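Trainee: Position one of the sequence shown corresponds to residue 3 (the numbering used here), numbered consecutively onward.
Each residue gets a CB set at the ideal place from its N, CA and C atoms; glycine is no exception.
Quick caveat, the model's predicted, so the values are computed rather than measured.
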Amino acid sequence: MVNNPLAGKKAPQEILVNVADLISNYYVQTPNMNKIQNRVKFGTSGHRGSSLNGSFNERHILAISQAVAEYRKDKVGSMLFIGMDTHALSTPAYKTALEVLAGNKVTTYYSMEYTPTPVISHAILTHDDSDGIVVTPSHNPPTDGGFKYNSTDGGPANEEITKWIENRANEIIENGLKDVKRVPFQEALASEYLVEYDFITPFVSDLSNVLDMDIISKANLKIGADALGGAGMRYYHAIKEKYNLNMEILHDHADFTFSFMHCDKDGKIRMDCSSPYAMAGLIELKNRYNIAFGNDTDFDRHGIVTKSVGLLNPNHYLAVAIDYLAKNRDFKALGVGKTLVSSSMIDRVCQDNNIEVIETPVGFKWFVNPLIEGEIFFGGEESAGASFLQKDRTPWTLLSVVLIIPTLRMNFQFQKKPLKLINEILK
């Protein structure tokens, strides 16, 4: 397939989204429920679409939020955590969801700041019998919106749950939204059911229970962190300050058009940190840093850039991370989760370390139960998302910085470049 002429080039003005039109359409467009693309549909991680084609509008979010409130009523005993990313449609959808949650008297912990998906997962895991919502279409184009539900295990809800929510939401829309309980936004904020919450402090503080942050600080490696205008911008600044890291943070402001991005291979703007075209801007700066990395918009994927390789192949990184953790953490008798389409080099690394490999369909949600139940210590997929257990063998969450830091430590501790480590491991 021939790449688009814009592939890898800075996005030109003429392809930038009209944010005013995007938000206006969110409120005024009515989905045609006779068109399958306009119906609520949960994919591998939530409902996604665009207000420009009738697949992501206020009616969708009213209905999905109501369905979530109804689903959790007798199944979840504690609070719900909610966050959003930096897509233009995320803020209006977030406000809509808060109106419905307050209308249904759901105790909801929220922040009007942007909040990464892994931070919501962390909050769920550290509060018994709670669940969460993240308003995000992940790495997809600026025209898109997304809405996903995380269950009490902190990960994306399973198919049984999402199917129920999907069916109920479509039913609510088809019945003219008569079942939606909603209060005006300012009334919702003033209600006893919405509780403003500091997500950032407990998350950043808890990093030290997962990683040896002092080693990274002492190494004084020059680190480049490209937030790609995503939800973790403030988190990188907090991590840098708390752990005294020599880290330069790029694109740490919200731009609903994502005008700073380089175009993906099809000529579209897409915050895909596993794409060398989308990551071309950071790759150009590779010699400025010992190591650099970027994230997608909700910060549950990562891309690692090194001087010697450029953008590191996700499968290569997963193999090195698994080998490192197997040799340096007490994860004996635990396996590794990988998707069916991930590289066989992961199998080779696991074989060398006498680790059982558990293969799953595509989608991080398939790793959640094995991690929770202690069957695996690491779960990763080729789309550059992964997680591993804490030092005490309990689940933590998924955040790109967590996956990147073992590479930093290896670089410092063994003074070896990632490519050399990969070649040695796969001999």
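Tell me the rounded alpha-carbon separation between Phe164 and Ser310.
Mentor: Sequence index remark: in the sequence shown, residue 164 carries index 162 (1-based). Sequence index remark: in the sequence shown, residue 310 carries index 308 (1-based). Going by the sequence as given, residue 164 is Thr instead of Phe. For Thr164 and Ser310, the distance between alpha carbons rounds to 43 angstroms.
Trainee: Quick one: what's got a C-beta closer than 6 angstroms to Ala1's C-beta in the same chain, skipping five residues either side?
Mentor: Residue coverage of the chain in this structure runs from 3 to 429, which leaves residue 1 outside it and unanswerable.
Trainee: Which residue's Cα is closest to the Cα of Glu115: Asn5, Met235, Gly79?
Mentor: As a working note, residue 115 is residue 113 in the sequence shown. The option with the nearest alpha carbon to Glu115 is Met235.
Trainee: Curious, which full-length beta strand (DSSP E) runs of at least 3 residues does the segment 293 to 327 contain?
Mentor: Correct list: 293 to 297, 304 to 308.
Trainee: Helix, strand or coil for Tyr111, going by three-state DSSP, please let me know.
Mentor: Counting from one through the sequence shown, the residue named residue 111 turns up at place 109. DSSP places Tyr111 in strand when its eight states are reduced to three.
Trainee: Let me know the secondary structure DSSP gives Met35 once reduced to three states.
Mentor: Here residue 35 refers to the residue found at position 33 when the sequence shown is read from its first residue. Coil at Met35, not helix or strand.
Trainee: Provide the residue(s) that pair with Asn152 in DSSP beta bridges, ordered along the chain.
Mentor: As a working mapping, residue 152 is identified with position 150 in the sequence shown. Gly134, Pro158, per the DSSP bridge assignment.
Trainee: Per DSSP, Met86 is paired with what?
Mentor: Here residue 86 corresponds to residue number 84 of the sequence shown, with the count starting at 1. Met86 is bridged to Val137.
Trainee: In chain order, which beta strand (DSSP E) runs of at least 3 residues are fully inside the segment 240 to 290?
Mentor: Fully enclosed beta strand (DSSP E) runs of 3 or longer: 249 to 252.
Trainee: So, is Tyr28 buried or exposed, given that buried needs 16 or more other C-beta atoms within 10 angstroms?
Mentor: Looking up residue 28 in the sequence shown gives position 26. The residue is buried, with at least 16 neighbouring Cβ atoms inside 10 Å.
Trainee: Using a Cβ-Cβ cut-off of 6 angstroms (strictly less than) and excluding sequence neighbours within five positions of Ile324, which residues of its own chain qualify?
Mentor: Indexing the sequence shown from 1 puts residue 324 at position 322. Cβ within range, chain order: Val338, Val351, Phe380.
Trainee: Would you kindly report the start and end of the unbroken beta strand (DSSP E) that includes Gly51?
Mentor: Sequence index remark: in the sequence shown, residue 51 carries index 49 (1-based). Taken as a continuous stretch (DSSP letters only), the beta strand (DSSP E) holding Gly51 covers 48 to 52.
Trainee: For Gly147 versus Ile122, is the C-beta distance shorter than 7 angstroms?
Mentor: Translated into the one-based positions of the sequence shown, residue 147 becomes position 145. Translated into the one-based positions of the sequence shown, residue 122 becomes position 120. No, Cβ-Cβ distance for Gly147 and Ile122 is not below 7 angstroms.
Trainee: Is the separation between the beta-carbon of Ile271 and that of Val307 shorter than 7 angstroms?
Mentor: Counting from one through the sequence shown, the residue named residue 271 turns up at place 269. Counting from one through the sequence shown, the residue named residue 307 turns up at place 305. For Ile271 and Val307, no; Cβs fall outside 7 angstroms.
Trainee: Looking at Ala22: is its Cβ nearer than 7 angstroms to the Cβ of Phe258?
Mentor: Working through the sequence shown from its first residue, we reach residue 22 at position 20. Working through the sequence shown from its first residue, we reach residue 258 at position 256. Taking 7 angstroms as the Cβ cut-off, Ala22 and Phe258 do not qualify as a contacting pair.
Trainee: Let's see if you can read the secondary structure: which residues bound the alpha helix (DSSP H) around Ala9?
Mentor: Translated into the one-based positions of the sequence shown, residue 9 becomes position 7. From DSSP, Ala9 is part of no alpha helix (DSSP H); its letter is neither H nor E.
Trainee: Leaving out five residues on either side along the sequence, give the residues of the same chain with a beta carbon under 6 angstroms from the beta carbon of Lys12.
Mentor: Translated into the one-based positions of the sequence shown, residue 12 becomes position 10. Same-chain partners within the cutoff: His264.
Trainee: Quick check on this structure: which residue in Asn34, Ile17, Val42, Glu250 has the alpha carbon closest to the alpha carbon of Trp2?
Mentor: Limits of the chain in this structure are 3 at one end and 429 at the other, which puts residue 2 out of reach.
Trainee: Can you have a look at Gly45 and say buried or exposed, based on whether 16 or more other CB atoms are within 10 angstroms of its CB?
Mentor: Stepping through the sequence shown from its first residue, residue 45 is reached at position 43. Flag for Gly45 reads exposed.
Trainee: Does the beta-carbon distance from Glu2 to Phe205 come in below 7 angstroms?
Mentor: This structure gives no information on residue 2, because the portion of the chain shown stretches from 3 to 429.
Trainee: So, with DSSP's three-state summary, where would you put Thr203?
Mentor: If you number the sequence shown from 1, residue 203 lands on position 201. It is helical.
Trainee: Please return the same chain residues whose Cβ sits closer than 7 angstroms to the Cβ of Ala95, not counting the five positions on each side in sequence.
Mentor: The residue given as residue 95 occupies position 93 in the sequence shown. Result list for Ala95: Ile63, Val137, Gly147, Phe149, in chain order.
Trainee: Which of the three DSSP states, helix, strand or coil, is assigned to Glu361?
Mentor: Position 359 of the sequence shown, counting from 1, holds the residue named residue 361. Reduced to three states, the DSSP call for Glu361 is strand.
Trainee: Compare the beta carbon distance of Tyr238 and Ala256 with 7 angstroms and say whether it is the shorter of the two.
Mentor: As a position in the sequence shown, residue 238 is number 236, starting the count at 1. As a position in the sequence shown, residue 256 is number 254, starting the count at 1. Their beta carbons are not under 7 angstroms apart, which means Tyr238 does not touch Ala256 by this criterion.
Trainee: Could you tell me the boundaries of the alpha helix (DSSP H) in which Asp354 lies?
Mentor: Here residue 354 corresponds to residue number 352 of the sequence shown, with the count starting at 1. Counting along the chain, the alpha helix (DSSP H) containing Asp354 begins and ends at 347 to 354.
Trainee: Taking 7 angstroms as the threshold (C-beta atoms), are Gly231 and Thr110 in contact?
Mentor: For the purposes of this step, residue 110 is identified with residue 108 of the sequence shown, where counting begins at 1. For the purposes of this step, residue 231 is identified with residue 229 of the sequence shown, where counting begins at 1. No, the pair does not count as a contact, with Cβ atoms beyond the cut-off.
Trainee: Taking just the CA atoms, how far does Ala190 sit from Asp274?
Mentor: Within the sequence shown, residue 274 is the residue found at index 272, counting from 1. Within the sequence shown, residue 190 is the residue found at index 188, counting from 1. Spanning the two alpha carbons is a distance of roughly 35 angstroms.
Trainee: Mapping the DSSP letters down to three states, classify Gly232 as helix, strand or coil.
Mentor: Looking up residue 232 in the sequence shown gives position 230. Gly232 falls in the coil class under three-state DSSP.
Trainee: Which of the three DSSP states, helix, strand or coil, is assigned to Lys75?
Mentor: Residue 75 sits at position 73 when you count from the first residue of the sequence shown. Coil at Lys75, not helix or strand.
Trainee: For Ala13, which three-state DSSP category applies?
Mentor: If you number the sequence shown from 1, residue 13 lands on position 11. If DSSP states are grouped into helix, strand and coil, Ala13 belongs with coil.
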